[in-house]
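Accompanying notes for the structure given below.
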DNA sequence: CTGAAATTTTGCAATGACTCCAAGTTTTCA
DNA sequence: TGAAAACTTGGAGTCATTGCAAAATTTCAG
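Chains as they are written, first to last, in our numbering: chain A, 1 to 213; chain B, 214 to 426.
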């Protein structure tokens, strides 16, 4: 199914606006850039910006699109004989060990973090994303453990699993913001992951184990 | 030290504005009430409202003032031989068993929850309060375990303790919003607290035990 | 290739939160 | 009692966000 000119243009326009906006935000901070400036810099009208992005914060987090279902995907993709929590720990260790930009281990992430740090609306949006991640994890756990799970257990387990994720991301964010080197932070977070695993109960570590094939 | 007329008037004015505003919000929802309407209804100028409350959301959460350090207070006030987590569990069980309005177990809390539920800015502010609670817990744990704790452990433990708190409050909020009776929700949450305790590892349950006297 | 239909872009006006500032008012206190 | 200090107010201005209707662009059938 060939993509029409209209579709292509829309995608390009959207990407262009997002790029221009992110550049301005990283340059001067979230507050100091107005929607009108973004529109001007992107050579479109203000209304066109709103056409693609419901709110100013969406301009900043556009790239973080695939992040909200990553945890749920990791859980659904766990190995046979592996629990949800262990799958998440394994995937996180992989990303951190690889010093992956997907978890913020890259040069320049400090600029990104600083913008968020100084803008309350962006922090709010980040919490909102965490909530989405949590909801996706709950949904994944309910599906993976069978619809039989009607009680509060999937919710509680999702809380524990999201706590793992949060602890890792908050730490990476804090250390990168402090100007540390990605490789250095990577080593530190690998230790943190061991600490985290030690704090989890067996019940959590053995929840939603995928049956052997 | 006798309180001057000025102090008294300020407190009264502040309380009056907060009461009027909360009434309007519960009546018509957060979005549907403008700052100008609050000011009119309270017989003050818009600027006076901003004089007492930095933002519209502060008008709504004014009463929840003592909530941000409650967890930290519970931890600091734990019994001899009791850990931080167990103190929090004990205090929560007390409040829930007493069907206390302090944890939302009261008639009319559903109206309160509905306003929050329908207003994204209020949900954001709630997350921001959670963050404050977390920070206070970290501070309390660091002090209570001695300044020796330089590592990430207090942060991780605070995450676990706040998770307990969150799970309880989210559940109460959800059930009350669904129109359940406080007494009924109380019974249900007591069971939830048992589930929660079972999911915590011994490491968490035995962190920051207060020395015997 | 052409013109109508569908879709996107844009300009304009308005709402409402929030800030700044300077001019009143009220309360304190020497 | 008369400043000085602190609080209140009115008014103007910025900015995000929305709604609406008029262009401009793209699609597609004929």
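Ideal placement from N, C-alpha and C gives every residue a C-beta, glycine not left out.
Using a Cβ distance threshold of 8 Å, residue 367 (chain B) and residue 320 (chain B) do not count as a contacting pair. Between residue 193 (chain A) and residue 88 (chain A), the C-beta gap is not smaller than 8 Å, which leaves the two residues out of contact. C-alpha of residue 13 (chain A) to C-alpha of residue 195 (chain A): approximately 45 Å in a straight line. In this structure, residue 30 (chain A) lies near residue 122 (chain A), with their beta-carbon atoms less than 8 Å apart. Under the three-state reduction of DSSP output, residue 302 (chain B) falls in the helix class. What residue 195 (chain A) touches in chain B, judged by beta-carbon distance under 9 Å, is 364, 365, 366, 369, going in chain order. With a threshold of 8 Å between beta carbons, residue 412 (chain B) makes contact with chain A. Identification of residues in the stretch 93 to 124 of chain A having a C-beta nearer than 7 Å to some C-beta of chain B yields 124, given in sequence order.
Using a CB distance cut-off of 8 Å, residue 372 (chain B) counts as an interface residue toward chain A. Taking residue 358 (chain B) as the centre and dropping the five residues before and after it, the same chain places the C-beta of 421 closer than 6 Å to its C-beta, in chain order. The three-state secondary structure of residue 354 (chain B), taken from DSSP, is helix. At a Cβ-Cβ threshold of 8 Å, residue 281 (chain B) and residue 342 (chain B) count as neighbours. Residue nearest to residue 283 (chain B) within the set B:273, B:293, B:297, B:271 is B:297 (criterion: CA-CA distance).
In this structure, the beta-carbon distance from residue 272 (chain B) to residue 257 (chain B) does not fall below 8 Å. By the rule that beta-carbons nearer than 8 Å mark a contact, residue 203 (chain A) touches chain B.
Listed along chain A are 152, each with a C-beta nearer than 7 Å to that of residue 405 (chain B). Under a 10 Å Cβ-count criterion, residue 79 (chain A) is classified as exposed, with fewer than 16 other Cβ atoms of the shown protein chains found around its own Cβ. Residue 305 (chain B) sits away from residue 203 (chain A), with the two beta carbons spaced by 8 Å or more.
Residue 139 (chain A) does not reach chain B, its nearest Cβ partner there being about 16 Å away, counting only Cβ pairs nearer than 7 Å. By the C-beta criterion, the stretch 47 to 66 of chain A is judged not to be in contact with the stretch 132 to 150 of chain A, since fewer than 3 inter-stretch pairs fall below 8 Å.
Within chain B, the residues 372 have their CB atoms less than 9 Å from the CB of residue 166 (chain A), given in chain order. Annotated three-state conformation of residue 239 (chain B) is helix, per DSSP. According to the DSSP assignment, residue 399 (chain B) belongs to the alpha helix (DSSP H) that extends over 395 to 412. DSSP places residue 122 (chain A) within a helical segment (H, G or I) once states are collapsed to three.
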